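The structure under discussion appears below in the form of structure tokens.
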Amino acid sequence: MEGRAIAQRIQEIMDRLGLTQQQLAGLLEVSQPAISNYLQGRVPPPGVLLRLARVGGVTVDWLLTGENPPVAASSRVGEPSPVYGTSAALLDLWERLPRSLQKDVLQLLRTLVSELEGSRSNTDDAPETG
Numbered sequence: 483m484e485g486r487a488i489a490q491r492i493q494e495i496m497d498r499l500g501l502t503q504q505q506l507a508g509l510l511e512v513s514q515p516a517i518s519n520y521l522q523g524r525v526p527p528p529g530v531l532l533r534l535a536r537v538g539g540v541t542v543d544w545l546l547t548g549e550n551p552p553v554a555a556s557s558r559v560g561e562p563s564p565v566y567g568t569s570a571a572l573l574d575l576w577e578r579l580p581r582s583l584q585k586d587v588l589q590l591l592r593t594l595v596s597e598l599e600g601s602r603s604n605t606d607d608a609p610e611t612g
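When you number the sequence shown by the working numbering, it's gap-free, plus one each residue, and the end is 612.
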């Protein structure tokens, strides 16, 4: 496994998703200097490779070997790049939560969204002052 080739594939994922080193570091739960090292040819550890594959919508096999390339972007349903990266990270975190907590987190999110939507509609209905 060649570090430089892996680095090129990591850069390709970053370019496709429109991510900076800092943003990718946050999604992978590593430091920005770690991303810099990976882009200079250091091979990421297995856990980072797995998270990178999930965020990038690729396989670990492709990251390591370049074989079985990901489906061309033109043949997939498109999403704005930053949204996809954030959604992938949220899904990864969600899947790592114990099932017992998922129900509570889901209820918390529903409550939060409901309150935000309620405060927006109250603001929209309020008479203008001035």
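Even for Gly, the Cβ is constructed at its ideal location relative to N, Cα and C.
On a predicted model such as this, the values are computed, not experimentally measured, just so you know.
Compute the distance between the beta-carbons of residue 538 and residue 485, then report whether it is under 7 angstroms. Against a cut-off of 7 angstroms, the Cβ pair of residue 485 and residue 538 comes out as no contact.
Compare the beta carbon distance of residue 501 and residue 534 with 7 angstroms and say whether it is the shorter of the two. By the CB criterion at 7 angstroms, residue 501 and residue 534 fall outside the cutoff.
Below 8 angstroms on the Cβ atoms is my contact criterion, and I expect residue 517 with residue 506 to pass it. Report the Cβ-Cβ distance as a whole number of Å. Yes, residue 517 and residue 506 are in contact; Cβ-Cβ is about 5 angstroms, under 8 angstroms.
Where the alpha helix (DSSP H) through residue 530 begins and ends: Looking at the DSSP string, the run of the alpha helix (DSSP H) that includes residue 530 is 528-538.
What three-state label does DSSP hand residue 486 in the structure shown? helix
Just curious, the alpha helix (DSSP H) that residue 509 is in, first and last residue? Per DSSP, residue 509 belongs to the alpha helix (DSSP H) from 503-510.
Rounding to the nearest angstrom, what Cα-Cα distance links residue 561 and residue 569 in this structure? Here residue 561 scores only 48 on pLDDT, less than 50, and its place in the model should not be relied on; the value that follows carries that caveat. Roughly 10 angstroms between the two C-alpha positions.
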